[in-house]
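Peer 1: Numbering (this note's numbering), first residue to last: 4 to 1171.
1) Suppose the cutoff is 7 Å on Cβ atoms and the five residues either side in sequence are ignored; what does the same chain contact list for residue 2 look like?
2) Please state whether DSSP places residue 438 in a helix, a strand or coil.
3) Since residue 396 contacts residue 815 with CB under 8 Å, what's their CB separation in whole angstroms?
4) Just mark residue 1034 as buried or exposed, buried being the case when its beta carbon has 16 or more other beta carbons within 10 Å.
5) Just how far apart, CA to CA, sit residue 399 and residue 681?
6) Going by C-alpha distance, which of 562, 644, 599, 649 is nearest residue 585?
7) Please state the DSSP three-state secondary structure of residue 906.
8) Skipping 5 residues on each side, what residues in its chain have a beta carbon closer than 7 Å to that of residue 124?
9) Is the beta carbon of residue 171 closer than 9 Å to that of residue 202?
10) I'd like to know if the region 762-778 and the region 787-796 are in contact, where contact means that at least 3 CB-CB pairs between them fall below 8 Å.
11) What residue from 335, 176, 158 has the CA that sits closest to residue 900's CA?
12) Helix, strand or coil: which one does DSSP assign to residue 140?
13) Under the rule that 16 or more other beta-carbon atoms within 10 Å means buried, what is residue 1051, buried or exposed?
14) Helix, strand or coil: how does DSSP classify residue 344 here?
15) Between residue 347 and residue 890, what straight-line distance do the alpha-carbon atoms span, to the nearest angstrom?
16) With DSSP collapsed to three states, give me the class of residue 230.
17) I believe residue 858 touches residue 827 by the beta-carbon criterion, under 8 Å. Please report the beta-carbon distance rounded to the nearest angstrom.
18) Please state whether DSSP places residue 448 in a helix, a strand or coil.
19) Assuming residue 232 and residue 225 are in contact, meaning their beta carbons sit under 8 Å apart, how far apart are those beta carbons, in whole angstroms?
20) Assuming residue 850 and residue 861 make a contact with CB atoms under 8 Å, what is their CB distance in whole Å?
21) Going by DSSP, what residue range makes up the beta strand (DSSP E) through residue 681?
22) If we call anything under 9 Å between Cβ atoms a contact, is residue 947 one with residue 1029?
23) Flag this pair as yes or no: are the beta carbons of residue 701 and residue 788 separated by less than 9 Å?
24) Beta carbon of residue 695, beta carbon of residue 600: below 9 Å?
25) Can you give the Cα-Cα distance for residue 23 and residue 35, rounded to whole angstroms?
26) For residue 615, which residues in the same chain have their Cβ closer than 7 Å to its Cβ, ignoring the five residues on either side in sequence?
27) Looking only at its own chain, which residues have a Cβ that is under 6 Å from the Cβ of residue 776, when we skip the five neighbours before and after it?
28) How should residue 1095 be labelled, buried or exposed, when 16 other C-beta atoms within 10 angstroms of its C-beta is the threshold for buried?
29) What three-state label does DSSP hand residue 8 in the structure shown?
30) For residue 579, which three-state DSSP category applies?
31) Answer yes or no: do residue 419 and residue 473 have a C-beta to C-beta separation smaller than 9 Å?
32) Quick one: give me the first and last residue of the alpha helix (DSSP H) that residue 368 is part of.
33) DSSP three-state label for residue 379, please.
34) Going by alpha carbons, who is nearest to residue 344 out of 887, 475, 1009, 953?
35) Excluding the 5 residues flanking residue 329 on each side, which residues of the same chain have their C-beta closer than 6 Å to its C-beta?
36) Applying the criterion that 16 or more other CB atoms from any shown protein chain within 10 Å of the CB defines a buried residue, is residue 379 buried or exposed?
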């Protein structure tokens, strides 16, 4: 990893590890292994390597190497007919501008690294805690973490403020999940608590796996006091996590800095070049070939002419002293023509490209429609080299949490005893949409209500107040059946810590409607029901798992009655209802379908009154099963099935996984632009699928959504092949599947209908294996939507690289967390969302903004315009320079191949620098075929960029043909017109200087008319640049060819009087007019024919606008959601077995726990 630009690397070279071995509190021992320290470096350069590495990167651009070669040639007097500074000044300018830009970008990365490396942390050194910087942390150190702090390094948890060495962490930066996870220390270390002496004396030895990127696995052993303890992922806290609801904890540093799993997943910063840059490298090679061909022809011509003519005219045209024969003369002429004809690729091309990209990036920075006022976050272009590639995106890879969603769960609607709540109606009982002016429910009657909770249906509050028993039972169930932990640090300020945001939303809803979950012990739950405090005895928690898809609690009410409360996926709960609930089930099903149509996540609620005798018998059998040594899970499952039966349905809840504003509309628009969107998320499968449906990426209209989940490579391959067979309707030839030679490119294939693909991280690991990656890619590319869930940061990058490798498509990755950094770096374009998960994604991105919906404008407006403008610029630039340069080629046949220039030296110097620079810059900075509102309203306008229709090898060939034709016109018409011409006074004007002046004037007028013809969107600036450049040309020409300039600088301005003598003749102006018409007339004819016979979508739309005088459509904010019959089940994203922690009391403070032995049942295996 290179050192930072403004810092020094003091680390030692890293040794290849086979196994990590370390001792706690022994820096001397650990230093012998040369483990890296905790310094991170994401910058590419340091103060010593910047210049050589940056120049090396810049000279990978073939044109820069070519200009360096030209500079060397121009230093040879026998060859050069132009001064050396004509090349060195623009070359140094281009290299300097790019170097400064790269240095600024790297300095920002360095500042970010410095900010992270200088965070404070408490390290146990010399028996006491000392405040140090993160960069000072070393492997084997014991550090203290406090609540809400970021974890410094990958740590082995030793002890914590919580009972039994438990801690709670949030892993949003690693896997995108904000639900809390539990970690637990070994008993032998947790007993040390915060006893610094005991911790300082701790000399345990750890042997474990080497640094790797696997976030969900860890293998190792701890040896302490001659005892060996097994270490797994449940005892490891990873860098990037945040400590929550835990006052403090101590940890032993296992991996630091670049060795941490977070950094192992971050990927490397690579030099990003656009598709046009790569194409330009190829075209420059073609031009070199053409240049070599022309120079060879002219050199051979020179040799032949000198041997047959020049040899005999040495009295008038003497050879240089070092020229001894015509062959050597031809050799020197070759290099002279290389210098003269080098303007086919002028260095000003690259200067102009940098200015255009800079202008395009400023447009993004200044765009008020991409500014997010709520958080004062504007859109920012962090790079200026990739703007036109925004107009060529074919694949978008998006994170889910924080990118598509706000990571906020809202209790939206519910159905209780067959009555629907949550919708708003007008006075005529017609359902209306919720707006900013809709009256909210007033919860002021409840002093413990959460002020952030919003609900609009007043009838539900009325039902609570009038004492509807079913409504009360509904909210009682929500306040009892959960694994939420309450925290009341300040009186009246009740905070719920939920393992999943779904749980939190439901308990908060019950709280606002008067059923306030106040506290819990391992054996009791305290609920304030409409102001009355009630204590329920918790007898058993039947915990959630992915098979059960439900959870239940058994409680004894204050009136001594036994109840089982259950909530879960509707399909699961409905199977367990008693016959009396059939009618209610049908009504509830209709309501659930309605919720599904709104994209809400639903959960069915049911209860059962238990018989005392039966329960005692069941409880005894449950205790036996929970302590069984064999088949424990199977025995418990049977008991759960037995008691969770004959339930009475209460209703259902509908929770909204709050999407960011405008996400469904943005996705729909981007899909219409023929952009494929893949979701790569660390979230659970069901959560990801729910969002897929909510965003309408997955739809009921799809013929099938393939769920690929298998842990065996051969089975994964078979599932993928079966999916392909289904989608294509034909079976692949096995020989093609098993073909040993991989293709370099996969052509586009189409399926016979719309399909979706969902694959999880474990399965994806097999799918990305070398012998299966093509099968996965072929299958995925046939699908309209691809969702990869539970993927690691590195897998995200691997998927992106796979598409880049075989599809040769331009890719964009968008995310908001540190877990998205590797994906953002791997894609051609990386976009960071300034969200809730830190700034790592933004710092690593090429572009950033606050909301996913701005991506639509970034691509369809800024990207399309940038690509259109860059394409026009390149086509015009190559045309004008071929037309300019090839006149020299034709002139060579009339000047004895002497490498004499057609034009005045000053015209050659100023042609690209002054006369033609501003008009083409005006074109490439301001031109637009349609305004931003049309571009957003018609996504099909984006397709030409994806297909490279505006600038490609074919378009370049057309430019060359156009330039060759124009050069013929520009040379031979003035030549023919002046061959026998005389002035009005009878004096000749067929001299070299007059011909040079007229030829260059014809050229400038013709190329200026061409840029005017290419301009669609005229502004005052365009008029000023185009016509002003012509005026400047004539002003400079008359000044430089005046008597005064000649008298002051006789050798520099030899064209004395040429302008006033030639340009006052009518037939000269007629020649200029005829030449200009002959140059632009074919262009007008060809464009007219193509527009009439083969118009593209932009032509048709512009024609329709002109004919019907349409106004640009207003941007729409409303969105009509497609109806869906799929009911999105509750995600249950909390960990299995969390109920066991509650009933054991291990996650509760000792002061709130009854120390008497607990008899409460648990749903999973006892804590080990």
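Just so you know, even glycine gets a beta-carbon here, dropped at the ideal spot from N, CA and C.
Peer 2: Short version:
1) There is simply no residue 2 to check, as the chain begins at 4 and stops at 1171 in what is shown.
2) Here DSSP, grouped into helix, strand and coil, assigns residue 438 to coil.
3) Right, their Cβ atoms sit about 5 Å apart.
4) So residue 1034 counts as exposed.
5) Roughly 6 Å separates the two Cα atoms.
6) When each option's Cα is compared against that of residue 585, the closest is 649.
7) In the three-state reduction of the DSSP assignment, residue 906 falls in the coil class.
8) Result list for residue 124: 135, 137, 140, 146, 155, in chain order.
9) Their beta carbons are not under 9 Å apart, which means residue 202 does not touch residue 171 by this criterion.
10) Contact between the region 762-778 and the region 787-796 is present, with at least three C-beta pairs closer than 8 Å.
11) Nearest C-alpha to residue 900 among 335, 176, 158: 335.
12) Three-state result, residue 140: coil.
13) Under this definition residue 1051 is an exposed residue.
14) The answer is helix: DSSP assigns residue 344 an H, G or I state.
15) Distance between the alpha carbons of residue 347 and residue 890: 11 Å.
16) If DSSP states are grouped into helix, strand and coil, residue 230 belongs with the strands.
17) About 13 Å separates the two Cβ atoms, so there is no contact after all.
18) Coil.
19) Taking a contact as a CB-CB distance under 8 Å, the pair residue 232 and residue 225 counts as one, their CB atoms being some 5 Å apart.
20) Separation of the CB atoms of residue 850 and residue 861 is rounded to 6 Å, and the pair is thereby assigned contact status at 8 Å.
21) Per DSSP, residue 681 belongs to the beta strand (DSSP E) from 679-683.
22) For residue 947 and residue 1029, no; Cβs fall outside 9 Å.
23) In this structure, residue 701 places its C-beta atom within 9 Å of the C-beta atom of residue 788.
24) No, the pair does not count as a contact, with Cβ atoms beyond the cut-off.
25) Taking the straight line joining both Cα atoms gives about 12 Å.
26) Contacts found: 565.
27) Cβ neighbours of residue 776 within its own chain (closer than 6 Å, five residues either side excluded): 805.
28) With fewer than 16 Cβ atoms within 10 Å of its Cβ, residue 1095 is classed as exposed.
29) In this predicted model, residue 8 has a pLDDT of only 40, less than 50, meaning its place in the structure is not dependable enough to derive any value.
30) Collapsing the DSSP output to three states places residue 579 in coil.
31) Their beta carbons are under 9 Å apart, which means residue 419 touches residue 473 by this criterion.
32) Boundaries of the alpha helix (DSSP H) around residue 368: 351-369.
33) In the structure shown, residue 379 sits in coil (DSSP, three-state: anything other than H, G, I, E or B).
34) Residue 344 has its Cα closest to that of 887, out of 887, 475, 1009, 953.
35) Counting only residues of its own chain and dropping the five nearest sequence neighbours on each side, residue 329 has a CB closer than 6 Å to the CB of 306, 309, 310.
36) For residue 379, the number of other beta carbons within 10 angstroms of its own is below 16, and it is reported as exposed.
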